[in-house]
Amino acid sequence: MTNNELREFNKKRRIHQIAWVTRDLEKSMKAWVENLKVGPWTVLTFTEKTLKYLDVDGKRVTEPFKFLIGISWIGDIQVELIEPVYGPMIYDAFIRQHGEGLHHIKEYVSQDEIDRVLQEYQEKGIEVTQTGQFKEDFHYYLNTEPKLDFVLELGNCPILQLSEPECPTYPPSP
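Start counting the sequence shown at 453; every next residue gets the next number (this note's numbering).
Written as structure tokens, this is what we have:
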């Protein structure tokens, strides 16, 4: 692509989320609130009962798993903090290999375009490492780390209606 083609192509793209992995979600949310004034956080618990499915390395996860997620916003960018608890998933492996920190950037891709976009990445040798669905929200993590030093996530990025007590808020409302 020429530079002008790259500029035009990238004008149509949208980064939706930046995410970090942590060993202690509550400690991380507290640090973000106290140091960066980022919050409040919506807290979600993902398990085999709350996700429609979870595939890791092309295989459906059939054993119990659990990870916690905190979501907040800075302008139009969603900030996500993820704490793996147990079971197969890419987050725990990432922490073991790299420690806590930046894990992925999520780009919006429509449901109509996802198969084509995934095929384009596959042709470059970039495969899906984990995919899953929560309500109408789907996600695909790609193994971009060897080439880019971070994970790229693709998803449809719907704004979900989440409320307490299913999804508590941190810090708790007075």
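Here a beta-carbon is modelled for each residue, glycine too, at the ideal position from N, C-alpha and C.
Small disclaimer: the values here were computed from a predicted structure and weren't measured.
Start and end of the alpha helix (DSSP H) containing residue i?
i: K479; result: 477 to 488
i: Q549; result: 542 to 550
i: E597; result: 597 to 600
i: L554; result: Element bounds for L554: not the alpha helix (DSSP H) but the beta strand (DSSP E), 553 to 560.
i: D567; result: 566 to 575
i: L614; result: It is not in any alpha helix (DSSP H) - L614 carries neither H nor E in the DSSP assignment.
i: L496; result: Where L496 is concerned, there is no enclosing alpha helix (DSSP H), although the beta strand (DSSP E) it sits in stretches over 493 to 499.
i: R459; result: 455 to 463
So is residue i in contact with chain B if we call contact Cβ pairs under 8 Å?
i: E535; result: Here there is only one protein chain, and chain B is not present.
Find out if the Cβ-Cβ distance for the pair residue i, residue j is shorter than 8 Å.
i: E532; j: T474; result: no
i: D507; j: G584; result: yes
i: L600; j: T581; result: no
i: P623; j: G491; result: yes
i: F590; j: T596; result: no
i: G539; j: F517; result: yes
Quick one: what's got a C-beta closer than 7 Å to residue i's C-beta in the same chain, skipping five residues either side?
i: F519; result: F498, I534, E535, P536, V537, M541, Y543
i: V569; result: V561, L606
i: H468; result: Q530, K558, E559, Y560, C609
i: P620; result: V495
i: R465; result: E559
Counting along the chain, where does the beta strand (DSSP E) carrying residue i start and finish?
i: K518; result: 518 to 526
i: G584; result: 580 to 586
Apart from the five residues on each side of it in sequence, which residues of its chain come closer than 6 Å, Cβ to Cβ, to residue i?
i: T504; result: First, the amino acid is wrong: residue 504 is Lys here, not Thr. Around K504: Q585.
With distances taken Cα to Cα, identify the nearest neighbour of residue i among the options.
i: L477; options: K511, L496, E559, V569; result: L496
i: E559; options: S615, P623, L488, Y592; result: Y592
i: I523; options: P617, W493, W484; result: W493
i: E515; options: K501, E565, E618; result: K501
i: A471; options: I611, H555, F602; result: H555
i: E588; options: G539, I566, I611; result: I611
i: G510; options: F602, E579, S625; result: E579
Who does residue i pair with in a DSSP beta bridge?
i: K511; result: V508
i: V473; result: I534, G553
i: G607; result: Y560, H591
i: T621; result: T494
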